[in-house]
Amino acid sequence: MTQSETQYFALLRSALWDEPVAIDGPIDWNAVMQTAQHHGNQALIGGVASQMTGDNRPSDAMLGMMRTAMRNNLLSQMRLKQILASALAALRQHDIEPVLLKGFGLAMLYPNPNLRQFGDIDLYVGLGNFHEACGILRTLPGGYNWGEVKDIGHHYNIEFGNFPMEIHRMSAEVVAPKDAEVYAAIERDGLLDHTQSIDCDGLAVTIPSKEFMVFYTFFHAWEHFLTSGVGWRQISDVVMTLHAYHQQLDLNKLQQWLVSMHLMKPWQAFGCLMMEQLGLSEAELPFYDASARRTAQRLYLNVMEVGNFSRNSKFKQCDPKNKWVRKLHSVIGIFVDFFYRARVFPSVAFREMLVAFAMAWRKALQPKDAAT
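Okay, here's the thing in structure tokens:
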């Protein structure tokens, strides 16, 4: 670990636990903030830095950039709260009670909710309410539709200015049929049967159950790792949910969910990082296994290299026009994903590759005029 990485984690732990930062020697603020930007938590680091005094305090120019990032984050949150309030009011008029995924429900678990970065609103409305909810929310002032509502895909997008809202019929898209059935049962438990309510600046908001908050926050970080790249922003979210809820969790239920979705080994590897880099105590980390540290070391290198959304390479974004080139590109992409994942989780990479080939084969055999 480089000196600037050590300094970055010291500052991040200070932000997560609301504790004084202790760093000996001068801080390389340029390198620290480059890391923070790479992992999507500039505002958190800036919040700590702005309170520092003495020789380690950032330069006035650096402080100015940090405060701009913090101010922009706060303004974004204010606008998102306005959009959320309008959406909830419109849906509740039609007896639809959406569940807020991530976002403000997670931010309120941080010592300073205004410093947790996010740029959209995720509302779960379920299968039965999906089309009606999309129709209602399309009528809100300032909304721009990203596409037509279809029965495929797990969410629909509406953009309000630069602020997206995702309306979810499913909280996540799980492609393997057997895993999808298991996930649907988990989703019903956490988003329909055992929700909770929070007060968000005077606005009553329904959020998932505590177990689902922990599970889904980790599952979201895991999906980032598998696809676009995971940063310390997503991992910090998992830490904050565990810190807030660890004494209230049904651990048997959480364990069953993790095992049934093949997530226990990834959970234990990420858990080592949450303890060693972010300061989560062992008492707050269910199912800790010290033997996962070797995998965690490989995972650490991957997280530091790839970061938040940084795996969206030109290759992954390429969309060839010729259908045969596009098919070849998709096959190559499966192998690219395999070697990327296999560096950390070989067995996971192999299973995901088999699922990808199976789904590609099923799509190839599907009649051209099949309903979508």
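Residue numbers in the sequence shown follow the numbering used here, run continuously in steps of one, and reach 375 at the last position.
Glycine included, C-beta positions come from ideal geometry on N, C-alpha and C.
The model shown is predicted, which means the values in this text are computed figures rather than measured ones.
Exercise for the section: Compare the Cα-Cα distances from Trp235 to each of Glu226, Ile189, Thr38, Glu100 and report the closest residue. Expected result: Thr38
Exercise for the section: Between the Cα of Arg141 and those of Gly122, Pro167, His157, spot the shortest distance and give me the residue it belongs to. Expected result: Pro167
Practice task
Express the C-alpha separation of Gln199 and Ser212 in angstroms, rounding to a whole number.
Solution key: 6 Å
Exercise for the section: Mind checking who Asp98 pairs with in its DSSP beta bridge? Expected result: BP columns for Asp98 are empty, so no partner.
Practice task
Spell out the partners DSSP gives Pro167 in its beta bridges.
Solution key: Glu162
Problem - Euclidean distance between Cα positions of Gln120 and Ala293 - result: 31 Å
Practice task
Specify the secondary structure class of Ser200 as computed by DSSP and reduced to three states.
Solution key: strand
Problem - Selection from Ile30, Thr230, Val51, Ile26 that minimises the alpha carbon distance to Ala18 - result: Val51
Exercise for the section: Per DSSP, which residues does Leu126 bridge with? Please list them. Expected result: Leu103, Ile170
Handout entry: Segment limits, alpha helix (DSSP H) that includes Val185
Key = 180–191
Practice task
May I ask whether a heavy atom of the ligand FAD can be found less than 7 Å away from the beta carbon of Gln251?
Solution key: Among the components modelled here there is no ligand, and therefore nothing to report on the ligand FAD.
Problem - Residue of Met81, Tyr127, Val241 minimising C-alpha distance to Cys275 - result: Val241
Practice task
Quick one: give me the first and last residue of the beta strand (DSSP E) that Ile210 is part of.
Solution key: 206–210
Handout entry: Limits of the beta strand (DSSP E) - the one that Gly274 falls within
Key = Where Gly274 is concerned, there is no enclosing beta strand (DSSP E), although the alpha helix (DSSP H) it sits in stretches over 267–279.
Problem - Cβ-Cβ distance between Gly147 and Leu194 below 8 Å - result: In the sequence on display, residue 147 carries Tyr and not Gly. Result no, Cβ atoms of Tyr147 and Leu194 do not sit closer than 8 Å.
Exercise for the section: Return the first residue and the last residue of the alpha helix (DSSP H) that Tyr147 is part of. Expected result: That residue, Tyr147, is in no alpha helix (DSSP H); its beta strand (DSSP E) goes 146–148.
Exercise for the section: With DSSP as the reference, label Tyr291 as helix, strand or coil. Expected result: coil
Handout entry: Cα-Cα separation, Met69 to Tyr11
Key = 14 Å
Practice task
Kindly indicate which three-state DSSP category Thr71 falls into: helix, strand or coil?
Solution key: helix
Exercise for the section: Mind the definition here: the stretch 350–366 touches the stretch 294–313 only if three or more C-beta pairs lie below 8 Å; say whether that holds. Expected result: no
Problem - Backbone secondary structure at Thr230 - three-state DSSP - result: coil
Practice task
Note the first and the last residue of the continuous alpha helix (DSSP H) segment covering Tyr11.
Solution key: 6–20
Practice task
Mark Arg344 as exposed unless 16 or more other C-beta atoms lie within 10 angstroms of its C-beta, in which case mark it buried.
Solution key: buried
Handout entry: Own chain, CB closer than 8 Å to Val217, minus 5 neighbours either side, in chain order
Key = Val241, Thr244, Leu245, Tyr248, Leu252, Leu257
Practice task
Return yes when the Cβ of Leu302 is within less than 8 Å of the Cβ of Phe341, no when it is not.
Solution key: no
Problem - For His134, the three-state DSSP class (helix, strand or coil) - result: helix
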